[in-house]
Each structure stands twice: as C-alpha cells, then as structure tokens.
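Quick notes on the structure that follows.
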Amino acid sequence: MTIWFATGNIHKKQELQAILSGHGIKIPADRGIDFDPDETGTSFLENALLKARALYRLVQEPVIADDSGLCVDALDGRPGIYSARYSGPEGAGSTTGGKILSAPERNALLLQELGDNPCRSARFVCAMALLLNEDRFFIAQETLEGEIIPTARGDKGFGYDPLLYLPALGRTVAELSEETKNRLSHRGKAGRQIARMLATV
C-alpha cells in the first residue's frame, strides 16, 4: 500500500520507511505539494490529526501524520508541541527576533533555560495518526524516556537527539545507530503500533 506521510522532514520519512518497510511512503514534496498547515492544536494528538486531515483532503489516499517533541519536566513540559519552533518561555511557538532558530540554537536555548536545575527528566513524545478516510482513523502515542545532559553529544539523528541521554544505554539518542533508534524511539514504537493496525485494514 502507498501511504502519504504528512511531513516535509526527510529524516522522519526515512525513519518511517524503515519502520513500515512493506509499504511505499510518499511525502507531499514527492508530488510537488506545498504542505505547511498551521499547527493550531493544543496537544500532539490534535496536531497529528490536523495534519493528517489536511493532507488527506489533497491526496484522497491513506495518510500517516505525526506530531512529536521533547517534554522537559523542569520546564513544565516545554518545549512540547512547540519543539520545532521553540523560542523560550516568553515566546513558545514563535520566533526570536524574527529569526527561526536552528536546531543547535534551540538546543542551546533549552540548556540555558534549564540551567543547573537538578531535575533533568524528559521524554520524547510522538502521537501518530493513520487516516484511511475522513471518518476512519487510528491513533498511537508513545514516549522515549531519558534525561537532559548539560552538553550535546553525538552527531546522528536530528533536533534534540544530542541532548536526551538514555541511562540504560549510556548514550544520547544522537549516539544510537539508526537500527537501535528505530527500535527504541517514540516514533519507532508508535510506528510499529500503526503497522499492526495497518495489517488489519
């Protein structure tokens, strides 16, 4: 089955393709579709469904959409749903000085805000929606638990991966092989649940 993935992030496409290896995964750019819906939801789940429905209206074929981010306990769950456009507590969900922050800049901002707070617990969260039509959909939400380290480590992955340390492995997410990350990650676990749902439709 060909399934559309509601993202412009090629890293996410590669991860999902590895998880759903029996299906063809397309993203809007593959058909030249300009796809950037406003993420107006107040939760990962709401944003995942919003993106899935927006793309389904354009392609009229099954769509998977996810919304994911990093939730840091000491920051009251920030950056959360604003992870990709984080600009600190005063401007979560916006830009800083009219400039969209790069991933290293967002990482530095998060570390600055967290400071030497001894509470370092955090998790990646992924809500994933499989939309077969406007009225039929499946949802999975998973996490990857860890803690924030004071200095970024690793050059694999993307986003906040260099900051989330997994004590059981002694590595950050950015130090994991692609295979290990897909097995353990929030997106990998949600994707496998979606794959099981796909097998029943």
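To convert a position in the sequence shown, counted from 1, into the working numbering, add 546. Even glycine gets a Cβ: it sits at the ideal position worked out from N, Cα and C. What you are looking at is a predicted structure, and each value in this text was computed from that prediction instead of being measured.
Can you say whether L517 is buried or exposed, counting buried as having 16 or more other CB atoms within 10 angstroms of its CB?
An answer regarding residue 517 cannot be provided, because it is not within the stretch 547 to 747 covered by the chain.
F670 lies in the beta strand (DSSP E); which residues open and close that run?
Counted from its first residue, the sequence shown places residue 670 at position 124. Its beta strand (DSSP E) spans residues 667-679.
Beta bridge counterpart(s) of T548 as assigned by DSSP:
On the sequence shown, residue 548 is found 2 positions in, with the first residue counted as 1. Its beta-bridge partners are G570.
Going by the CB atoms, is the gap between L677 and P608 shorter than 8 Å?
Within the sequence shown, the letter at position 62 stands for residue 608. Within the sequence shown, the letter at position 131 stands for residue 677. Yes, Cβ-Cβ distance for P608 and L677 is below 8 Å.
For I579, which option in T586, Q563, T553, I565 has the closest C-alpha, if you only look at C-alpha atoms?
The residue labelled residue 579 in the question sits at position 33 within the sequence shown. When each option's Cα is compared against that of I579, the closest is T553.
Chain D beta carbons: is any one of them nearer than 8 Å to that of E688?
Considering every chain present, this structure includes no chain D. It has just one protein chain.
Our contact map puts F670 next to S731 with C-beta atoms below 8 Å; I'd like the distance itself, whole angstroms only.
Counting from one through the sequence shown, the residue named residue 670 turns up at place 124. Counting from one through the sequence shown, the residue named residue 731 turns up at place 185. Sure, about 7 Å apart at Cβ, within 8 Å.
Between T641 and T746, what straight-line distance do the alpha-carbon atoms span, to the nearest angstrom?
Your numbering for residue 641 matches position 95 in the sequence shown. Your numbering for residue 746 matches position 200 in the sequence shown. Residue placement at T641 is flagged as unreliable, the pLDDT there being 44, under the threshold of 50; a coordinate-derived value is accordingly withheld.
When we look at the beta-carbon of C617 and count the other beta-carbons within 10 Å, is it buried (16 or more) or exposed?
Locating residue 617 in the sequence shown gives position 71, where the first residue counts as 1. Label assigned to C617: buried.
So the candidates are M743, A673, R738, R599; which of them puts its Cα closest to the Cα of A564?
Here residue 564 refers to the residue found at position 18 of the sequence shown. Checked all of M743, A673, R738, R599; the closest Cα to A564 is R738.
So R631 and I646 are supposed to be a Cβ contact under 8 Å. How far apart are they, rounded?
Against the sequence shown, residue 631 aligns to sequence position 85. Against the sequence shown, residue 646 aligns to sequence position 100. Between I646 and R631 the Cβ distance is about 7 Å, and since that is below 8 Å, they are a contact.
Is it buried or exposed, C672, if we count other Cβ atoms within 10 angstroms and call 16 or more buried?
As a first step, residue 672 is located in the sequence shown; it is residue number 126 there, counting from the start. Classification of C672: buried, given that the 10 Å Cβ count is 16 or more.
In whole angstroms, what separates the C-alpha of T697 from that of G705?
Counted from its first residue, the sequence shown places residue 697 at position 151. Counted from its first residue, the sequence shown places residue 705 at position 159. Answer to the nearest angstrom: the Cα atoms are 14 Å apart.
Verify whether the separation of the beta carbon atoms of A620 and A594 is less than 8 Å.
On the sequence shown, position 74 is the one that residue 620 refers to. On the sequence shown, position 48 is the one that residue 594 refers to. The answer is no: Cβ separation not under 8 Å.
What whole-angstrom Cβ distance do R699 and E724 have, given they're in contact under 8 Å?
For the purposes of this step, residue 699 is identified with residue 153 of the sequence shown, where counting begins at 1. For the purposes of this step, residue 724 is identified with residue 178 of the sequence shown, where counting begins at 1. No, R699 and E724 are not in contact; Cβ-Cβ is about 17 Å, not under 8 Å.
Cβ-Cβ distance between I740 and M674 below 8 Å:
Walking along the sequence shown from the start, residue 740 turns up at place 194. Walking along the sequence shown from the start, residue 674 turns up at place 128. Yes, the pair counts as a contact, with Cβ atoms nearer than the cut-off.
Distance between beta carbons of S667 and E693, contact taken as under 8 Å:
Looking up residue 693 in the sequence shown gives position 147. Looking up residue 667 in the sequence shown gives position 121. Contact flag correct, Cβ pair sits at about 6 Å.
Using the Cβ count rule (16 or more neighbours within 10 Å means buried), how would you classify G661?
Residue numbering aside, residue 661 sits at position 115 when the sequence shown is read from its first letter. That one is exposed.
In whole angstroms, give me the CA-to-CA distance for R652 and C665.
Residue numbering aside, residue 652 sits at position 106 when the sequence shown is read from its first letter. Residue numbering aside, residue 665 sits at position 119 when the sequence shown is read from its first letter. Straight-line Cα distance between these residues: approximately 19 Å.
Is the CB-CB distance between F590 and G568 below 8 Å?
Numbered from 1 along the sequence shown, position 44 holds the residue referred to as residue 590. Numbered from 1 along the sequence shown, position 22 holds the residue referred to as residue 568. Cβ distance not < 8 Å, so F590 and G568 don't count as in contact.
Indicate whether K735 and G703 have their beta-carbon atoms separated by less than 8 Å.
Reading the sequence shown from its first residue, position 189 is the one you call residue 735. Reading the sequence shown from its first residue, position 157 is the one you call residue 703. The answer is no: Cβ separation not under 8 Å.
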